[in-house]
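Undergrad:
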Amino acid sequence: MKVVLQNLTKIFPSRNKKSGEEVVAVNDFTFEIPDGKLIGLLGPSGCGKSTTLYMISGLQKPTAGRLFFGDDDVTELPTEARGVGLVFQNYALYPHMTVKQNILFPLQNLKGADKMTKAEMMERAYQAAKLVQIDNLMERKPSELSGGQQQRVAIARALVKMPRVLLLDEPLSNLDARLRLQTREEIRRIQRETGITTIFVTHDQEEAMSISDMIVVMKLGVLQQIGAPQEVYDDPHNLFVAKFLGTPPINVFEGSVQSGKLIIGDETVLDVPGVADQDVYIGIRPEGFVPEENGALSCQLNSVEVMGRDSSVVSTHSASLNPLVRAIIDSDIKIDLASETVRFSLKPHKVFIFNKETEERIYFEVK
Ligand code: ATP
Numbered sequence: 025m026k027v028v029l030q031n032l033t034k035i036f037p038s039r040n041k042k043s044g045e046e047v048v049a050v051n052d053f054t055f056e057i058p059d060g061k062l063i064g065l066l067g068p069s070g071c072g073k074s075t076t077l078y079m080i081s082g083l084q085k086p087t088a089g090r091l092f093f094g095d096d097d098v099t100e101l102p103t104e105a106r107g108v109g110l111v112f113q114n115y116a117l118y119p120h121m122t123v124k125q126n127i128l129f130p131l132q133n134l135k136g137a138d139k140m141t142k143a144e145m146m147e148r149a150y151q152a153a154k155l156v157q158i159d160n161l162m163e164r165k166p167s168e169l170s171g172g173q174q175q176r177v178a179i180a181r182a183l184v185k186m187p188r189v190l191l192l193d194e195p196l197s198n199l200d201a202r203l204r205l206q207t208r209e210e211i212r213r214i215q216r217e218t219g220i221t222t223i224f225v226t227h228d229q230e231e232a233m234s235i236s237d238m239i240v241v242m243k244l245g246v247l248q249q250i251g252a253p254q255e256v257y258d259d260p261h262n263l264f265v266a267k268f269l270g271t272p273p274i275n276v277f278e279g280s281v282q283s284g285k286l287i288i289g290d291e292t293v294l295d296v297p298g299v300a301d302q303d304v305y306i307g308i309r310p311e312g313f314v315p316e317e318n319g320a321l322s323c324q325l326n327s328v329e330v331m332g333r334d335s336s337v338v339s340t341h342s343a344s345l346n347p348l349v350r351a352i353i354d355s356d357i358k359i360d361l362a363s364e365t366v367r368f369s370l371k372p373h374k375v376f377i378f379n380k381e382t383e384e385r386i387y388f389e390v391k
């Protein structure tokens, strides 16, 4: 099921009558989520991710704009009539019911033409349980399950009605690191197997990048960029997006463009033909540095951390906005630790420059 947001806006009235300031939680979102894809809504706390998800679910009514599932305008439809499955951060299972009863519950409330026989309901419940691999735990109570298992029950309960769209709000944040990793792979598998259009909210960029077909990056209620994770990583449209994606994060320097040359400190680090003279921010991905004796950029060497295949070269630079400059290089390349400075050449396609006022990307021709 394709989901289309058309100028979707949510404004919350001010809680404080005196200041009268309203909160624009979601500002004029227009984008299309293709059928059968897994989409990550991504951004820092308060950027409007949950509000967007709640508007898609029908739990919150938009202030303006329209919402479509396929060609159906669902803007005014109540949640029950939208055919959405919802999974929240706290699994909200009924503690007094067994796993089976929890999964069956949404089916028992179906009315009219949707009403099912007991046998049909049981078959559906077992199908959903098998999909999330908890069909051997059906007689247990939620308190007898691990966090990961509880989350699977919640997903099975959301899937049992065969929703048109599956919505997950920070579904992994209550799990420990290992379980998070495992469960996110599970979500990916379940999504692939069912083909249900799935929208999932997270503030964890690595999580979103690893399982999404498409990510939607947001900041303070404003859409920043949409695209396949790698596409957005390789081609960020502004400084915020460049900084938000990637571990270790992008290295940001202050610098300038003078006569088609990119300058950091007093060093010319790259040719940027066609860019007007101006002060800029320069983002360099950690994998964009190549240690070379005659490299254009010199940094003060701190340490080298070898991490198996890669090494992290940690240094400082007076024009860097990050306290430490981190370069990720092949660990076969040896760095002279006795040296005070390390010189790098830069891979041009890993270097992004941004307007200093608007923080929008300035493009240059990469040769
Ligand atoms: P988090 O990651 O912290 O959950 P989020 O990106 O999901 O954040 P939202 O919960 O969508 O953000 O909130 C977006 C903005 O709207 C925030 O500034 C929040 O304070 C505000 N907001 C959310 N719900 C309400 C409400 N019911 N009344 C007033 N303001 C609200």
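With this note's numbering as the guide, the letters of the sequence shown map in order to residues 25 to 391. Beta carbons: idealized from backbone N, C-alpha and C, even for Gly.
1. Any contact of the region 312–322 with the region 243–258, i.e. 3+ C-beta pairs under 8 Å?
2. Which one of Leu244, Lys85 and Ala116 has the shortest CA to CA distance from Ala178?
3. Once DSSP output is grouped into helix, strand and coil, what is the label at Arg333?
4. Going by the DSSP bridge assignment, what does Arg367 pair with across the sheet?
5. Going by DSSP, name the residue or residues bridged to Ile223.
6. Starting from Tyr257, trace the alpha helix (DSSP H) in both directions and tell me its first and last residue.
7. Quick check: does the Cβ of Lys73 come within less than 7 Å of any heavy atom belonging to ligand 1?
8. Within 7 Å: the Cβ of Phe36 and any heavy atom of ligand 1?
9. Mark Glu194 as exposed unless 16 or more other C-beta atoms lie within 10 angstroms of its C-beta, in which case mark it buried.
10. Counting beta carbon pairs with one atom in the region 54–71 and one in the region 210–224, are three or more of them shorter than 8 Å?
11. Leaving out the 5 sequence neighbours to the left and right, which residues in its chain are closer than 8 Å to Met140 when beta-carbon positions are compared?
12. Please state whether DSSP places Glu45 in a helix, a strand or coil.
13. Between Val390, Met121, Pro119 and Asn160, which has its C-alpha nearest Asp295's C-alpha?
14. Is Arg204 near ligand 1, in the sense that its beta carbon is under 7 Å from a heavy atom of that ligand?
15. If you check the beta carbons only, do Val314 and Ser363 fall under 8 Å apart?
16. Determine the direct distance from the alpha carbon of Gly172 to that of Ala137, and round the result to whole angstroms.
17. Just list the residues that DSSP pairs Pro315 with in beta bridges.
18. Output needed for Ser395: all residues of its chain with C-beta closer than 6 Å, excluding positions within five of it in sequence on either side, in chain order.
19. Mind checking which residues open and close the beta strand (DSSP E) that includes Phe388?
20. Can you tell me whether DSSP reads Asn52 as helix, strand or coil?
21. I need the DSSP call for Leu269, collapsed to helix, strand or coil.
22. Asn326 and Val338 look like a contact to me (Cβ under 8 Å); what is the Cβ gap, rounded to whole Å?
23. Taking the straight line between their C-alpha atoms, what separation do you get for Ile35 and Val28?
24. Work out the CA separation of Lys374 and Glu316 for me, nearest whole Å.
25. Answer with buried or exposed for Gln206, where buried requires no fewer than 16 other C-beta atoms within 10 angstroms of its C-beta.
26. Judging by CA-CA distance, which residue of Ala153, Glu209, Ala49 and Ile352 is the nearest neighbour of Met186?
27. Quick check: the region 43–57 against the region 117–127, are there 3 or more CB pairs under 8 Å?
28. Between the C-alpha atoms of Gln174 and Pro166, what's the straight-line distance to the nearest angstrom?
29. Could you pull out every residue in the same chain whose Cβ sits closer than 6 Å to the Cβ of Gly307, ignoring the five residues on either side in sequence?
TA: Looking at the coordinates:
1. no
2. Indexing the sequence shown from 1 puts residue 178 at position 154. Measuring from the Cα of Ala178, the nearest candidate turns out to be Ala116.
3. Mapped onto the sequence shown, residue 333 falls at position 309. Reduced to three states, the DSSP call for Arg333 is coil.
4. Walking along the sequence shown from the start, residue 367 turns up at place 343. According to DSSP, Arg367 bridges with Ser322.
5. Stepping through the sequence shown from its first residue, residue 223 is reached at position 199. DSSP lists Ile63 and Leu191 as partners of Ile223.
6. Residue numbering aside, residue 257 sits at position 233 when the sequence shown is read from its first letter. Per DSSP, Tyr257 belongs to the alpha helix (DSSP H) from Pro253 to Asp258.
7. Position 49 of the sequence shown, counted from the first residue, corresponds to residue 73. Yes.
8. As a working mapping, residue 36 is identified with position 12 in the sequence shown. Yes.
9. Indexing the sequence shown from 1 puts residue 194 at position 170. By the neighbour-count rule (16 or more Cβ atoms within 10 Å), Glu194 is buried.
10. yes
11. On the sequence shown, position 116 is the one that residue 140 refers to. Closer than 8 Å at Cβ, skipping near neighbours: Leu131, Leu134 and Arg148.
12. Here residue 45 refers to the residue found at position 21 of the sequence shown. Here Glu45 sits in coil by DSSP.
13. Taking the sequence shown and counting its residues from 1, one reaches residue 295 at position 271. Residue Val390 is the option with its Cα nearest to Asp295.
14. As a working note, residue 204 is residue 180 in the sequence shown. Arg204: no, Cβ never under 7 Å from ligand 1.
15. Indexing the sequence shown from 1 puts residue 314 at position 290. Indexing the sequence shown from 1 puts residue 363 at position 339. Result no, Cβ atoms of Val314 and Ser363 do not sit closer than 8 Å.
16. In the sequence shown, residue 137 corresponds to position 113, counting from 1. In the sequence shown, residue 172 corresponds to position 148, counting from 1. Computed Cα separation, rounded: 35 Å.
17. Within the sequence shown, the letter at position 291 stands for residue 315. Phe368.
18. This structure cannot settle anything about residue 395, because the visible part of the chain is limited to 25 through 391.
19. The residue labelled residue 388 in the question sits at position 364 within the sequence shown. Note, Phe388: premise wrong, no beta strand (DSSP E); not H, not E.
20. Here residue 52 refers to the residue found at position 28 when the sequence shown is read from its first residue. One detail in the question is off: residue 52 reads as Asp in this sequence, not Asn. DSSP places Asp52 in strand when its eight states are reduced to three.
21. Taking the first residue of the sequence shown as position 1, residue 269 is located at position 245. Looking at Leu269 - three-state DSSP - the assignment turns out to be coil, as it is neither helix nor strand.
22. Your numbering for residue 326 matches position 302 in the sequence shown. Your numbering for residue 338 matches position 314 in the sequence shown. Going by Cβ atoms, the distance from Asn326 to Val338 rounds to 4 Å, so yes, they are a contact pair.
23. Here the question's residue 35 lines up with position 11 in the sequence shown. Here the question's residue 28 lines up with position 4 in the sequence shown. Taking the straight line from one Cα to the other gives about 19 Å.
24. Here residue 316 refers to the residue found at position 292 of the sequence shown. Here residue 374 refers to the residue found at position 350 of the sequence shown. Answer to the nearest angstrom: the Cα atoms are 16 Å apart.
25. The residue given as residue 206 occupies position 182 in the sequence shown. Exposed, by the Cβ-count rule.
26. Counted from its first residue, the sequence shown places residue 186 at position 162. Ranking Ala153, Glu209, Ala49 and Ile352 by Cα distance to Met186 puts Ala153 first.
27. no
28. Reading the sequence shown from its first residue, position 150 is the one you call residue 174. Reading the sequence shown from its first residue, position 142 is the one you call residue 166. Roughly 6 Å between the two C-alpha positions.
29. As a first step, residue 307 is located in the sequence shown; it is residue number 283 there, counting from the start. Hits under 6 Å: Ala266, Ile274, Val276 and Phe376.
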